[in-house]
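A.B. asks: Residue 1793, in my numbering, is where the sequence shown stops; the numbers in between run on with no holes.
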Amino acid sequence: MVRTLPKSTYRFLLTSLLVDASSGSPVGYRYFSGNTYDVSTLEDFTNIWNAYSLVDQNPIIVVDRGYYSQESLIKLGNLGYRFLAGAKTGYKLVKSIIEEKNSEFYEASSLLENADFYGVQEDKTLEGKTGKLPVKVSVFRNPIEEIAATRRFFKRLSKFESEWIKGTADKDDELLNFYDEAKAGEPLQRNMVRITEECFFMGYFAFVSNAKAELEESLDIYKLRNEAEVVFKLMLGNLLRTTRVHSSQALEGLLFTTFVALSILTNLRVRMKFDLNGQPISSNFTIAEVFARLKKIQLIELEGKKYLINVSAKDKKLVEALGFAGLYDSPDAVLNALTKFK
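Here it is, written out as structure tokens:
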């Protein structure tokens, strides 16, 4: 997953994280200049994976539509990697399924058992300069999103028509393609044939994969992308507020310490699922609230004797639920933990 970080001295910085979706843990990171395409970062990561023989672990690489490149996916597959990539409905492989099997997306037999989508899957072949690769193309129709997207589109048209009469509309706006001949100051006439064609693909989404995953399984695998989103939010919300630095060495140090801290934070996120009084800890506390509660606890020394202050029975129960039983039972317990950490 690629996200743009806040503006800094490195004004157009992008960072990529490789996340283990099964555990929610960050595996590795890279940073790039802001004009780097997502596909290029995938190729760069592949070189790293090859160096560490990641292919021997038989992973499934899950990427969104921004990474879709037919040539790159063929290369990835021919290197032995399994992948599942989001694909735009305008791509030839996807578009052909929607057009040729359109009636199937409305049949009861295509309704998924555990999701409110219709789905059709076909075996296809990716062909490019680097060779061929057999894949499964899974196409889904979401009727709720189809209606919502169509309504959003018509609202855009209505707003544009109002602005056109007022003379404030952009005369080069692509929305003009959905009208008959436009004349300044005169009401626009919608071309319903073009509008219907535009709405035809709304509500559809698709995956291309060389893994042996059926429709619902591929949907479940793709949902694991959410783990990467959560990790990014943890990082940007709690750790990396700015990348304003004055040297490449400082930037590398900042990103490295952030990555280490993020590893700790994601481990804590997993522990937040543990039981506390019959409920997950996360039902009672956010990560920020856990930090705030435990930050008040201090280890002090008076006249050569050590004391723990501001620690309550609730604090002890919380850390026990997190998997650190006995941590705040005594000053010695805290010191022993710190010694082990070092």
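Every residue gets a Cβ at the ideal spot worked out from N, C-alpha and C, and that includes glycine.
Measuring alpha carbon to alpha carbon, tell me which of Ser1781, Leu1584, Asp1631 and Phe1725 ends up nearest Val1762.
C.D. replies: Ser1781
A.B. asks: Is Pro1594 helix, strand or coil by DSSP?
C.D. replies: helix
A.B. asks: Please determine, among Glu1612, Gly1579, Arg1602 and Asn1498, the residue with the shortest C-alpha to C-alpha distance to Glu1649.
C.D. replies: Arg1602
A.B. asks: Over the uninterrupted alpha helix (DSSP H) stretch that includes Gly1528, give me the two end residues.
C.D. replies: Note, Gly1528: alpha helix (DSSP H), Gln1521 to Asn1529.
A.B. asks: Leaving aside the five residues before and after Arg1454 along the sequence, list all residues of the same chain whose C-beta is less than 6 Å from its C-beta, in chain order.
C.D. replies: Bear in mind that a pLDDT of 35 at Arg1454, under 50, signals an unreliable position, so the model cannot answer this.
A.B. asks: Do you know how far the Cα of Ile1715 is from the Cα of Arg1462?
C.D. replies: With a pLDDT of 36 at Arg1462, under the threshold of 50, the modelled position of that residue is not reliable, and the figure given next carries that caveat. Arg1462 and Ile1715: Cα-Cα distance of roughly 28 Å.
A.B. asks: One question on the structure: do Val1571 and Leu1666 come within less than 9 Å of each other, judged by their Cβ atoms?
C.D. replies: yes
A.B. asks: Quick check: the Cα distance between Tyr1569 and Tyr1557, rounded to an integer number of angstroms?
C.D. replies: 7 Å
A.B. asks: The beta strand (DSSP E) spanning Gly1704 covers which residue range?
C.D. replies: Per DSSP, Gly1704 belongs to no beta strand (DSSP E); it is in the alpha helix (DSSP H), Ser1699 to Arg1722.
A.B. asks: I'd like the span of the beta strand (DSSP E) that includes Ile1741, first residue to last.
C.D. replies: As written in the sequence, residue 1741 is Val, which differs from the Ile given in the question. Element bounds for Val1741: not the beta strand (DSSP E) but the alpha helix (DSSP H), Ile1738 to Lys1746.
A.B. asks: For Asp1783, which residues of its own chain have a beta-carbon under 6 Å away from its beta-carbon, when the five flanking residues on both sides are left out?
C.D. replies: none
A.B. asks: Can you say whether Gly1404 is buried or exposed, counting buried as having 16 or more other CB atoms within 10 angstroms of its CB?
C.D. replies: The requested residue 1404 does not occur in the structure, where the chain is confined to residues 1452 to 1793.
A.B. asks: Is Lys1543 helix, strand or coil by DSSP?
C.D. replies: helix
A.B. asks: Quick check on this structure: which residue in Glu1578, Asn1718, Lys1767 and Lys1747 has the alpha carbon closest to the alpha carbon of Leu1411?
C.D. replies: Examination of residue 1411 is not possible in this model, given that the chain is present from 1452 through 1793 alone.
A.B. asks: My output table needs one value for Thr1576: the three-state DSSP class, helix, strand or coil.
C.D. replies: In the structure shown, Thr1576 sits in a strand (DSSP, three-state: E or B).
A.B. asks: Does the distance from the C-beta atom of Arg1533 to that of Ile1499 stay below 9 Å?
C.D. replies: no
A.B. asks: Please confirm if Glu1632 has its CB atom under 9 Å from at least one CB of chain B.
C.D. replies: In the structure shown, chain B cannot be found, because there is only a single protein chain.
A.B. asks: Taking the alpha helix (DSSP H) that Thr1645 belongs to, which residues open and close that run?
C.D. replies: The sequence shown places Arg at residue 1645, not Thr. Per DSSP, Arg1645 belongs to the alpha helix (DSSP H) from Met1643 to Cys1650.
A.B. asks: With the cut-off set at 9 Å, would you say Lys1539 and Thr1581 are in Cβ contact?
C.D. replies: no
A.B. asks: To the nearest angstrom, how far is it from the Cα of Asn1565 to the Cα of Arg1720?
C.D. replies: 27 Å
A.B. asks: Hey, how far is the Cα of Gly1755 from the Cα of Ser1699?
C.D. replies: Per the coordinates, the alpha-carbon of Gly1755 lies some 45 Å from the alpha-carbon of Ser1699.
A.B. asks: Starting from Glu1667, trace the alpha helix (DSSP H) both ways and give me its first and last residue.
C.D. replies: Leu1666 to Lys1674
A.B. asks: Please state the DSSP three-state secondary structure of Gln1730.
C.D. replies: strand
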